[in-house]
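Working notes, beginning with the structure itself.
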Amino acid sequence: MKTCVALVLLMCGGSCLAQPAYPEPEAAAAWRGLAASYVRHAIRDGTLNREPALNARLDAVMAAVAAAVAVFEPRFAGASWKAILIEDFGRGAVAFPGEIILVDATFVRALRLNDDELALILSHEAAHVVAGHASEKLSFMAETLGKDRLPTARTALMEFLARDTYAAAFQPAALRQEREADRVGAAIFPATGYDAQRALGVFDKLSGLEPRHGQDSHDAAGERKQAIAAVFAEQRLRRARRLTAVP
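Residues 143 to 389 in the working numbering are what the sequence shown spells out, letter by letter.
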C-alpha cells in the first residue's frame with residue numbers, strides 16, 4: 143500500500159509535497175474555523191439537514207470512505223471523518239482539514255445519488271485533504287501578497303475569500319487540484335467496498351448540469367469519467383497480475 147501511495151503522489155506532479163507557507167496546524171485550524179462558520183450559519187438559518195434517513199445513509203458511506211482512506215494513507219488511521227448535510231449549500235461537496243466534508247443535501251436529492259456515487263464523491267473530497275490542497279491556497283496568497291501583509295493563515299484565508307479575483311488567479315492550480323483529487327480519490331475508492339461501475343454513473347448525472355453551470359474548476363464530466371475509469375482499470379489489472387503471480 144505504501145508503494146501505491148507513492149505512485150499516486152508522483153502522479154500529482156509534486157504539488158502534494160509542496161512546502162506550506164504557514165505551519166500545518168495553523169492552516170488546518172483556519173480552514174476548520176471556516177467549516178464551523180458554515181455549520182453555525184446553517185443552524186441559524188435552519189438549513190442544517192436533519193432528515194434521519196438521508197443522514198444515516200451519508201454517515202454509513204462516510205464511515206466506509208474513512209476506513210478506505212486509512213488503508214490508503216496510514217496517517218489517517220483513527221481519524222474521525224464527518225460529513226454534514228446543508229440545504230442549498232451551493233456546491234456539491236467541499237472538504238476541510240480536520241476531516242470535515244460539507245455536502246449539499248439539495249444536490250444529493252436532485253441527482254438522486256446512490257450510495258456508490260456518494261462514496262466516489264466523498265472519496266474525491268477526502269483526497270483533497272490527503273493531498274493538502276487547502277494549504278496550497280494559503281501559500282498562493284502568501285506568495286501573491288506577501289507574508290508581511292498576510293502574517294497568519296487566517297488572514298490569508300479571509301483575503302482569499304474576500305475577492306473573486308484571487309479565485310480566478312488560482313484557477314489553473316484549482317483545476318490541477320481537482321484532477322489530482324480525481325486520481326487519488328479513485329485510488330481510495332476500491333477499499334470502500336462500493337461498486338465502481340455504478341459509482342461512475344455520477345458523471346452522467348453531472349453532465350446534465352454543465353450547460354447551466356459550466357465546468358468551473360473541474361474538467362468536463364465525461365473527461366473525468368474516462369480518467370477515473372482508467373484508474374479503476376489499472377487497479378483491476380494490478381490485482382489480476384498479483385493473483386496470477388501467486389504460486
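C-beta: ideal position from N, C-alpha, C; glycine also.
Asked, Found
"Sheet register partners of K224 (DSSP bridge)", "I242"
"K367 versus V344 - alpha carbon distance", "9 Å"
"M283 to R383 span [Cα, whole Å]", "45 Å"
"Same chain only: Cβ atoms within 6 Å of A372, ignoring 5 sequence neighbours per side", "none"
"One or two residues paired with A235 in a DSSP bridge", "V245"
"Status (buried if at least 16 other CB within 10 Å, exposed otherwise) for P334", "Reading off the sequence, residue 334 comes out as Thr, not Pro. Per the 10 Å Cβ criterion, buried."
"Nearest neighbour of A276, chosen from F238, E267, Y308 and F249 [CA to CA]", "F238"
"Start and end residues, alpha helix (DSSP H) containing A360", "The sequence as given places His at residue 360; Ala does not occur at that position. Counting along the chain, H360 falls outside any alpha helix (DSSP H), and DSSP gives it neither H nor E."
"Any 3 or more C-beta pairs closer than 8 Å across the region 263–272 and the region 321–334", "yes"
"Cβ contact (3+ pairs, closer than 8 Å) linking the region 247–261 and the region 177–186", "no"
"Cα-Cα separation, P165 to T386", "46 Å"
"Nearest residue (CA-CA) to V207, options A261, A177 and L255", "A261"
"Status (buried if at least 16 other CB within 10 Å, exposed otherwise) for S222", "exposed"
"Classification of S179 by the beta-carbon crowding that lies within 10 angstroms, buried from 16 upward", "exposed"
"Contacting residues, own chain, Cβ-Cβ under 7 Å from R233 (five flanking each side not counted)", "D246"
"Assigned secondary structure, L190 (DSSP; H/G/I helix, E/B strand, else coil)", "strand"
"Distance CB(L227)-CB(L255) smaller than 8 Å", "no"
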